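Following the numbering used here, the numbering of the sequence shown begins with 163 at its first residue and continues without gaps.
Take a look at the structure set out below.
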Amino acid sequence: MRDQALRYRSIHTQLMEMVLTLRQTVEDHIMQLTTRPQQQDGQAIREQEALLGRLLFQIISFLPAGAQSFQPPCTSTDSRGDVGGGQPVQTSRQKGQMFYQESDFENTVISYDLSNRGIDISALYDLSFRDYDTYQGNKYHKDKNTLGYINLGTSENKLCTDLLAERLSQSDMTYIDEDLLQYSDWRGHPLLRKEVARFLTFYCKTPEFLDPENVVILNGCSAVFSALAMVLCDPGEAFLVPTPFYGGFAFSTHLYSKVKLIPVHLESQVTEANGYPFQLTVDKLEQALLGAKIEGKKVRGLVLINPQNPLGDVYSQDSMMEYLEFAKKYNLHVIVDEMYMLSVFDEAITFHSVLSMKRYVTHKLKAFKVPFLNRGSGLYVWINLKQYLDPCTFEEELLLHRRFLDHKLILSPGKTFMCKEPGWFRLIFAARPHLLRIAMRRFQQVLVEQEQERRVKQLEDAMKEEVSASQPETPASPALRKS
């Protein structure tokens with residue numbers, strides 16, 4: 163019964179999220195219809211209508227999937243029918259309980275060919291990427307859509323897209339060899355693997371040349387991590403992962419390989435054992451491993467992100483050696499994600515476009531009196547908005563996230579990175595300057611509204627306490643005094 167109740171709450175939460183997204187999209191659509199000049203309506207309106215159609219279909223598809231999880235067996239006669247007085251098959255449905263029944267429309271529109279795993283994947287995808295899908299259907303454009311979303315939540319370097327486009331348009335990039343149009347080595351085309359080996363040898367400063375035979379090319383970090391989880395773990399086994407960490411790892415391992423991620427929780431408070439915010443130590447790894455063993459979980463590996471996402475920390479060589487010695491001691495595999503290894507900003511090397519953007523954001527954060535971790539890598543800033551949560555809970559963090567969305571600004575809340583503490587957000591600064599200025603104005607507006615609402619709430623609570631304190635106590639009745 164408890165598991166069923168938990169699953170019901172999960173389905174209810176997902177459905178409410180879908181309905182809220184649909185409502186927001188309808189409001190955006192109405193806003194576009196009422197504010198756009200007639201000649202600019204065409205393409206954007208069609209995209210918005212297509213998005214509305216997808217959202218409606220998701221909700222329609224989700225309802226029967228959720229209902230099936232709680233659908234009791236229907237009452238019917240057994241195969242004997244009336245012969246010998248066939249008895250009704252017993253059902254667990256109580257009197258007055260709702261019973262799900264398909265309509266002709268649902269049979270036509272909705273496919274029930276998905277497995278339970280397929281339904282879970284679809285539901286988790288919708289829940290994880292709903293904000294991003296909404297952004298894709300309503301992007302900000304300085305001329306065509308000034309009311310659209312600005313995305314400072316997805317870690318992309320939009321400052322170099324013009325350089326990439328120019329390079330990929332050159333003649334040596336447009337030639338296609340016939341071999342490229344045929345099946346190749348499953349590990350990746352030999353020429354590509356050779357070039358990747360050369361690239362990593364040079365930039366990683368490897369002591370020996372990296373052998374292309376040890377290079378495997380897959381489509382993105384999540385695909386690589388999912389493949390590693392599949393071959394290193396059996397279903398139900400686990401990896402240790404320091405938190406907060408890139409949320410795509412949880413998505414990849416849960417969906418396909420059924421591998422668990424055991425969080426090594428790091429804290430923001432500086433103590434004797436915690437020399438700086440979110441410091442990873444071997445003691446914390448030891449504690450997490452011991453806790454997993456007590457719970458009967460088999461740990462097969464340790465996952466490290468360096469430079470760290472979303473913190474921006476860069477592990478020192480001594481620290482990395484300590485983590486590797488820990489893994490060797492317990493015979494653990496080590497997976498190191500070094501995606502941002504070339505986004506480390508040394509003061510001696512000037513990347514003007516990126517550094518200037520980060521300075522602009524950090525100066526604004528200081529002006530807004532918003533604490534943040536000032537690290538030397540990545541395309542993001544890890545900011546602390548705990549002061550705007552009252553109380554400081556993950557529920558309030560979600561509400562603040564929704565307020566950012568109401569102002570067409572996308573940030574990544576700490577909950578998506580499995581952060582132990584509510585109130586942290588990741589803000590991407592690698593955006594075009596004019597876009598960043600507008601985004602930070604929206605950011606400030608949200609904080610002002612949030613602070614005003616918090617003060618009003620505090621004032622109301624204080625007034626209630628004052629009224630309650632000024633009221634005389636109700637005297638006890640004579641009967642009570644006598645007793």
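For glycine and all other residues, C-beta sits at the position ideal for the given N, C-alpha and C.
Keep in mind the model is a prediction, meaning the values are calculated, not measured.
Tell me which residues share the same chain as L541 and place their Cβ nearer than 8 Å to its Cβ, disregarding the 5 neighbours each side in the sequence.
For the purposes of this step, residue 541 is taken as the residue at position 379 of the sequence shown. Excluding sequence neighbours, L541 sits near S317, E318, N319, Y502, S505, V516, I590, F591, A592.
Measure the C-alpha to C-alpha separation of H563 and A400 and round it to an integer number of angstroms.
The residue labelled residue 563 in the question sits at position 401 within the sequence shown. The residue labelled residue 400 in the question sits at position 238 within the sequence shown. Each residue's Cα considered, the two are about 30 Å apart.
Under DSSP, the alpha helix (DSSP H) around V421 begins and ends at which residues?
Counting from 1 along the sequence shown, the entry for residue 421 is found at position 259. From DSSP, V421 is part of no alpha helix (DSSP H); its letter is neither H nor E.
Could you spell out the range, first to last residue, of the beta strand (DSSP E) harbouring V498?
As a working note, residue 498 is residue 336 in the sequence shown. Element bounds for V498: 495-499.
Coil, strand or helix - S303 by DSSP
Translated into positions along the sequence shown, residue 303 becomes position 141. In the sequence as displayed, the identity of residue 303 is His instead of Ser. Looking at H303 - three-state DSSP - the assignment turns out to be strand.
So K582 and T296 are supposed to be a Cβ contact under 8 Å. How far apart are they, rounded?
Along the sequence shown, one-based indexing puts residue 582 at 420. Along the sequence shown, one-based indexing puts residue 296 at 134. Not confirmed; about 28 Å, so no contact.
DSSP-derived helix/strand/coil call for F440
For the purposes of this step, residue 440 is taken as the residue at position 278 of the sequence shown. Here F440 sits in coil by DSSP.
Enumerate, from N- to C-terminal direction, the unbroken beta strand (DSSP E) stretches of 3 or more residues contained entirely within the stretch 568-613.
586-590
Mind reading off the beta-carbon distance from C129 to S419? Whole number of angstroms is fine, and I expect it under 8 Å.
As shown, the chain starts at 163 and ends at 645. That puts residue 129 outside it, with no answer to give.
By DSSP, does L551 sit in helix, in strand, or in coil?
The sequence position of residue 551 within the sequence shown is 389, counting from 1. Coil.
As a quick exercise: from L598, V608, G576, pick the residue whose alpha carbon is nearest that of T524.
Indexing the sequence shown from 1 puts residue 524 at position 362. The shortest Cα separation from T524 among L598, V608, G576 belongs to L598.
Rounding to the nearest angstrom, what Cα-Cα distance links R604 and P533 in this structure?
Sequence index remark: in the sequence shown, residue 604 carries index 442 (1-based). Sequence index remark: in the sequence shown, residue 533 carries index 371 (1-based). Their Cα atoms are separated by approximately 18 Å.
CB-CB length for V608 against L571, believed under 8 Å:
Taking the first residue of the sequence shown as 1, we reach residue 608 at position 446. Taking the first residue of the sequence shown as 1, we reach residue 571 at position 409. Confirmed, about 7 Å.
Check whether Q647 and F530 have beta carbons under 8 Å apart:
Here the chain has residues from 163 to 645 only, and residue 647 is not among them.
Would N468 pass as an interface residue toward chain C - the criterion being a Cβ-Cβ separation below 8 Å?
Considering every chain present, this structure includes no chain C. It has just one protein chain.
By DSSP, does S317 sit in helix, in strand, or in coil?
Position 155 of the sequence shown, counting from 1, holds the residue named residue 317. In this structure, S317 counts as coil in the three-state DSSP scheme.
Rounded C-beta distance between K446 and L428? I'm assuming under 8 Å.
Taking the sequence shown and counting its residues from 1, one reaches residue 446 at position 284. Taking the sequence shown and counting its residues from 1, one reaches residue 428 at position 266. Right, the Cβ-Cβ distance comes to about 7 Å (below 8 Å), so this counts as a contact.
Spatially closest choice to R588 from T308, L309, L473, D623, by CA coordinates:
The sequence position of residue 588 within the sequence shown is 426, counting from 1. Comparing Cα-Cα distances from R588 to each of T308, L309, L473, D623, the minimum goes to L473.
Coil, strand or helix - N546 by DSSP:
Position 384 of the sequence shown holds residue 546. Of the three classes helix, strand and coil, the one that applies to N546 here is strand, per DSSP.
Per DSSP, what are the beta-bridge partners of S539 in this structure?
Along the sequence shown, read from residue 1 onward, the residue named residue 539 stands at position 377. Paired residue(s): V506.
In the DSSP assignment, find the unbroken alpha helix (DSSP H) run with F413 in it and report its ends.
Indexing the sequence shown from 1 puts residue 413 at position 251. From DSSP, the alpha helix (DSSP H) with F413 extends over 410-414.
Locate the beta strand (DSSP E) running through V461, then write down its first and last residues.
Within the sequence shown, the letter at position 299 stands for residue 461. 461-467 is the span of the beta strand (DSSP E), which, as asked, contains V461.
Following the continuous beta strand (DSSP E) through L402, name the residue where it begins and the one where it ends.
Taking the sequence shown and counting its residues from 1, the one referred to as residue 402 is at position 240. Run containing L402: 400-404, per the beta strand (DSSP E) assignment.
If we ignore side chains and look at the alpha-carbon of each, how far apart do R349 and K356 end up?
Here residue 349 is taken as the residue at index 187 of the sequence shown, counted from 1. Here residue 356 is taken as the residue at index 194 of the sequence shown, counted from 1. For R349 and K356, the distance between alpha carbons rounds to 12 Å.
D480: first and last residue of the uninterrupted alpha helix (DSSP H) it sits in
Within the sequence shown, numbered from 1, the residue matching residue 480 stands at position 318. It spans 479-491 - the alpha helix (DSSP H) in which D480 sits, taken as one unbroken run.
What is the DSSP secondary structure of I379, counted as helix, strand or coil?
The residue labelled residue 379 in the question sits at position 217 within the sequence shown. Looking at I379 - three-state DSSP - the assignment turns out to be coil, as it is neither helix nor strand.
For the pair the stretch 433-440 and the stretch 482-501, tell me if three or more CB-CB distances fall below 8 Å.
no
Report the partner residues of F534 according to the DSSP bridge assignment.
For the purposes of this step, residue 534 is taken as residue 372 along the sequence shown, with counting starting at 1. In the DSSP output, where bridge partners are listed per residue, F534 has I545.
Quick test of your reading: K626 and G585, contact by CB under 8 Å. State the CB separation rounded to the nearest angstrom.
For this step, residue 626 is matched to residue 464 along the sequence shown. For this step, residue 585 is matched to residue 423 along the sequence shown. Actually they do not touch by this definition, with Cβ atoms about 26 Å apart.
Span separating the alpha-carbon of L486 from that of V358:
Position 324 of the sequence shown, counting from 1, holds the residue named residue 486. Position 196 of the sequence shown, counting from 1, holds the residue named residue 358. Their backbone Cα atoms lie some 25 Å apart in a straight line.
L573 versus E340: straight-line alpha-carbon distance, rounded:
Looking up residue 573 in the sequence shown gives position 411. Looking up residue 340 in the sequence shown gives position 178. If I take the Cα positions, the gap works out to 44 Å.
Stretch-stretch touch, CB-based, cutoff 8 Å, three pairs: the stretch 323-338 with the stretch 612-620:
no
Can you tell me where the alpha helix (DSSP H) holding V432 begins and where it ends?
As a position in the sequence shown, residue 432 is number 270, starting the count at 1. Neither: V432 is in no alpha helix (DSSP H) and is coded neither H nor E.
In terms of alpha-carbon separation, which member of L451, M483, M180, P469 lies closest to V284?
As a working mapping, residue 284 is identified with position 122 in the sequence shown. For the record, residue 284 in the displayed sequence is Ser; it is not Val. Measuring from the Cα of S284, the nearest candidate turns out to be M180.
Please state if the CB of V461 and the CB of L402 are separated by a distance shorter than 8 Å.
To locate residue 402, count along the sequence shown from 1; it is residue 240. To locate residue 461, count along the sequence shown from 1; it is residue 299. Their beta carbons are under 8 Å apart, which means L402 touches V461 by this criterion.
Quick check for students: name the residue ranges of the alpha helix (DSSP H) that lie wholly in the stretch 307-363, counting only runs of 4 or more.
323-330, 333-336
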